[in-house]
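Notes for the one structure printed next.
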Amino acid sequence: MMKTYIKNATIFYLLSRNALKITLQGRMGVIFFLLGKIIRVLFIFAFLALVFNRTRLVKGYNFEQILVFFLTFNIIDTLGQILYRQVYRFRPLVVSGGFDMVLLKPIHPFIRILLGGVDFLDVLLVIPYFFVTFFIFAKMEISSFHMFLYLLLIINSMVMVTGFHISILALGIATTEVDHTIMIYRDLSAMGRFPMNIYKEPVRGFFTYIIPVSLMMNVPAQAILGLATPWFILFSLLISLGLLCLSLLFWDYALKRYQSWGG
Amino acid sequence: MIALVQVFKITVKEYAAYRLNFVLWRLRMFLNLLVNFFLWTAILDTRTQFGQYTKDSIISYILYANLIATFVLGSRTAEIGYHIQDGSIINLLLKPVSFFKYYFARDIADKLINLSFAVCELLVVVWIFKAPLVAPHTISVFTVFFINGVLISFFVNLMLSFIGFWTPEIWAPRFLFTVLVFFLSGSYFPLNLLPDFLYYFLLATPFPYLFYLPAQALIGHIDPGLVFFQIAFSFFWVFALYKLTVSLWKTGNKQFSFWGR
Numbered sequence: 000m001m002k003t004y005i006k007n008a009t010i011f012y013l014l015s016r017n018a019l020k021i022t023l024q025g026r027m028g029v030i031f032f033l034l035g036k037i038i039r040v041l042f043i044f045a046f047l048a049l050v051f052n053r054t055r056l057v058k059g060y061n062f063e064q065i066l067v068f069f070l071t072f073n074i075i076d077t078l079g080q081i082l083y084r085q086v087y088r089f090r091p092l093v094v095s096g097g098f099d100m101v102l103l104k105p106i107h108p109f110i111r112i113l114l115g116g117v118d119f120l121d122v123l124l125v126i127p128y129f130f131v132t133f134f135i136f137a138k139m140e141i142s143s144f145h146m147f148l149y150l151l152l153i154i155n156s157m158v159m160v161t162g163f164h165i166s167i168l169a170l171g172i173a174t175t176e177v178d179h180t181i182m183i184y185r186d187l188s189a190m191g192r193f194p195m196n197i198y199k200e201p202v203r204g205f206f207t208y209i210i211p212v213s214l215m216m217n218v219p220a221q222a223i224l225g226l227a228t229p230w231f232i233l234f235s236l237l238i239s240l241g242l243l244c245l246s247l248l249f250w251d252y253a254l255k256r257y258q259s260w261g262g
Numbered sequence: 000m001i002a003l004v005q006v007f008k009i010t011v012k013e014y015a016a017y018r019l020n021f022v023l024w025r026l027r028m029f030l031n032l033l034v035n036f037f038l039w040t041a042i043l044d045t046r047t048q049f050g051q052y053t054k055d056s057i058i059s060y061i062l063y064a065n066l067i068a069t070f071v072l073g074s075r076t077a078e079i080g081y082h083i084q085d086g087s088i089i090n091l092l093l094k095p096v097s098f099f100k101y102y103f104a105r106d107i108a109d110k111l112i113n114l115s116f117a118v119c120e121l122l123v124v125v126w127i128f129k130a131p132l133v134a135p136h137t138i139s140v141f142t143v144f145f146i147n148g149v150l151i152s153f154f155v156n157l158m159l160s161f162i163g164f165w166t167p168e169i170w171a172p173r174f175l176f177t178v179l180v181f182f183l184s185g186s187y188f189p190l191n192l193l194p195d196f197l198y199y200f201l202l203a204t205p206f207p208y209l210f211y212l213p214a215q216a217l218i219g220h221i222d223p224g225l226v227f228f229q230i231a232f233s234f235f236w237v238f239a240l241y242k243l244t245v246s247l248w249k250t251g252n253k254q255f256s257f258w259g260r
């Protein structure tokens, strides 16, 4: 058991090192992408500052609270991109038949197709997100219990993010469609950039109970702000576990029906 | 002209061949519209005025800006960069049709298909979520800004693709441009809500001419004291960007070489 973990960790390390080398091949790309991502976040900050310069509350939330939601979304979203960037490159592997070679190797395919392309550019971004978020928490005098709960729920959100990415891989095997699915996932999860209360029904219900974007992106922020009941937190923990199990079942189902598309 | 009509038709047929891709793309755009619409609805939940805007005018601005952006920014020119990289641009250069006109015809097809879906999406938002939409104003001013916005977008998109003549990293500058456009062209909010110095600075750049000013014209918020200056500047940007695009195209062609075709 331990040997398998060490072997997997070594392969993950090698794949990540390769990913870093590939990233550093395109220096100009690195600069432009980083610049673009930083500017995007700064612009949204500026937009929120502009709004709250003229109004004190939006749907009952003040500026700091909205920032907590926005930063929490960014942390979860960026962590997902750091870990699962390889999913974005899965389609060529399926349509070319290269996926056969992945399946033939004596390692779990997830190490290659899910975790095999760590995005180091996003690592540079997630660090300031954490700093700013914890700076705001320090200002808000958050208790250590709430801080612990927040980190626990971030992990819970990452379980959901993992479930979604595994489902996208399974869908890729079943239909060869990955590129748009992953971007739709990104756009759907971006609905959780702000508190779900801003949406009207049935949109709000849809993104809470049908596609649990609200549970994935909002619950950690709600918990730290004291806005989530224990039952709702428990509900989100159960949903994330259920989502992960379902995604693994879907993966097994897709893999059993895989007949090799390309080659 | 007949050749360009055929190019237009072929582009439309390309979309018909990859229907699912297109529908999924529009779904993404619709989700983005919803976020922006609901955000502003929430901001204006307990108030009727935001800056110089009424609730109806700001929601209308967001909806019109989205619609205009769909048309103005819709483009097939991103593929040029890849054609330069793999050398297949040679095939196009050998055709007896102007390169610029060829891509303009493709762009118009792209814009019209996207616009037809965007109109339906807008109607869905208006119908289901009872979004207020003010009747279009100052159509003549809008038309001038709109045509110039389309041309500015076309030339900028071409230039972003021509980067492929000098570097294989063509996607990153386009990503940066897209990020800048969505904020500096007023996709999230009308630009005149910004502090004055920033607003006037932006007016000197090409960004507001893409869809901020056309949308402002439609909701009747054009500043009469500035409109002539703004129209003049939009013509200036069309002319300057056209010259720059042609110059980049000529320079790129001169040093372009490719093996194996």
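Protein sequence lines, in the order shown, are assigned to chains A and B. Each residue of the first sequence is one higher than the one before, starting from 0 at the first, in numbering that gives the first Met the number 0. Each residue of the second sequence is one higher than the one before, starting from 0 at the first, in numbering that gives the first Met the number 0. We put the beta carbon where it would ideally sit given N, CA and C, even for glycine.
Item to check | Host alpha helix (DSSP H) of M190(A) (start-end) | outcome: Segment: none, M190(A) is in no alpha helix (DSSP H) and carries neither H nor E.
Checklist entry - How is the alpha helix (DSSP H) around Y101(B) delimited, first residue to last? => result F98 to I127
Checklist entry - Does DSSP put T53(B) in a helix, a strand or coil? => result strand
Next on the checklist: Going by DSSP, what residue range makes up the alpha helix (DSSP H) through T71(A)?
Outcome noted: F62 to Y83
Checklist entry - Are the beta-carbon atoms belonging to G224(B) and P207(B) less than 8 Å from one another? => result no
Checklist entry - Thinking C-alpha only, which one of I238(A), T228(A), G171(A) and L236(A) is nearest I112(A)? => result G171(A)
Checklist entry - Residues in its own chain within less than 7 Å of F11(A) by CB, not counting five upstream and five downstream? => result I110 and L114
Checklist entry - By how many angstroms is the C-alpha of I162(B) removed from the C-alpha of I221(B)? => result 36 Å
Checklist entry - Over what stretch of residues does the alpha helix (DSSP H) that includes K255(A) continue unbroken? => result P229 to R256
Item to check | Where V57(A) falls: helix, strand or coil (DSSP) | outcome: strand
Checklist entry - How big is the Cα-Cα spacing for V94(A) and L224(A)? => result Those two C-alpha atoms are separated by around 46 Å.
Next on the checklist: Quick check on the DSSP output: what are the complete alpha helix (DSSP H) runs of length 4 or more inside the segment 176 to 218 of chain B, in order along the chain?
Outcome noted: The segment 176 to 218 of chain B contains these whole alpha helix (DSSP H) runs: 195 to 202 and 211 to 217.
Next on the checklist: Give me the residue from E200(A), M216(A) and R26(A) with the minimum Cα distance to M190(A).
Outcome noted: M216(A)
Checklist entry - What are the complete alpha helix (DSSP H) segments, minimum 4 residues, inside the segment 137 to 179 of chain A? => result 143 to 174
Next on the checklist: Determine whether the beta carbon atoms of L121(B) and L43(B) lie at a separation below 8 Å.
Outcome noted: no
Checklist entry - Should R75(B) be labelled buried (16 or more other beta-carbon atoms within 10 Å of its own) or exposed? => result Around the beta carbon of R75(B), a 10 Å sphere encloses 16 or more other beta carbons of the protein chains shown; the residue is thus reported as buried.
Checklist entry - Hey, L214(A) and V158(A): beta-carbon distance below 8 Å or not? => result no
Next on the checklist: Strictly under 8 Å for the Cβ-Cβ distance: is P205(B) near chain A by that measure?
Outcome noted: no
Next on the checklist: Residues of chain B with CB closer than 7 Å to the CB of V265(A), please, in chain order.
Outcome noted: Within the shown structure, residues of chain A are numbered from 0 to 262, placing residue 265(A) beyond reach of any answer.
Item to check | Continuous alpha helix (DSSP H) stretch holding D85(B): start and end | outcome: A77 to D85
Item to check | Alpha carbon of A173(A) to alpha carbon of V22(B), nearest angstrom | outcome: 19 Å
Next on the checklist: Distance cutoff 8 Å, beta carbons only. Does R39(A) sit that close to anything in chain B?
Outcome noted: yes
Next on the checklist: Would the segment 187 to 203 of chain A count as touching the segment 34 to 53 of chain B if we require 3 or more Cβ pairs under 8 Å?
Outcome noted: Contact holds between the segment 187 to 203 of chain A and the segment 34 to 53 of chain B, because three or more Cβ pairs, one in each stretch, are under 8 Å apart.
Checklist entry - To the nearest angstrom, how far is it from the Cα of F234(B) to the Cα of L179(B)? => result 21 Å
Checklist entry - When DSSP builds the beta bridges, which residues end up paired with Q48(B)? => result T53(B)
Checklist entry - Between which two residues does the alpha helix (DSSP H) containing D99(A) stretch? => result G97 to L103
Item to check | Straight-line gap, E13(B) to L19(B) (C-alpha atoms, nearest Å) | outcome: 12 Å
Checklist entry - Exposed or buried, R88(A), counting other C-beta atoms within 10 Å across all chains shown (16 or more means buried)? => result exposed
Item to check | Neighbour flag for V202(A) against chain B, beta carbons, 8 Å | outcome: yes
Checklist entry - Quick one: does V57(A) have its CB under 8 Å from some CB of chain B? => result yes
Checklist entry - Which chain A residues are close to F182(B), counting only those with a beta carbon under 7 Å from its beta carbon? => result From the beta-carbon of F182(B), the residues of chain A found nearer than 7 Å are F42.
Item to check | Buried or exposed (CB count within 10 angstroms, at least 16 for buried), P219(A) | outcome: Buried is the call here.
Next on the checklist: With H, G and I counted as helix, E and B as strand and the rest as coil, what does DSSP make of F255(B)?
Outcome noted: coil
Checklist entry - When you compare each of D186(A), V50(A), M146(A) and L13(A) to N73(A) by their alpha carbons, which one comes out closest? => result D186(A)
Checklist entry - Taking 8 Å as the CB-CB cut-off, is E168(B) touching chain A? => result yes
Checklist entry - Given that L38(B) touches chain A, what residues does it touch there, using C-beta distances under 7 Å? => result Simply F193 and I197.
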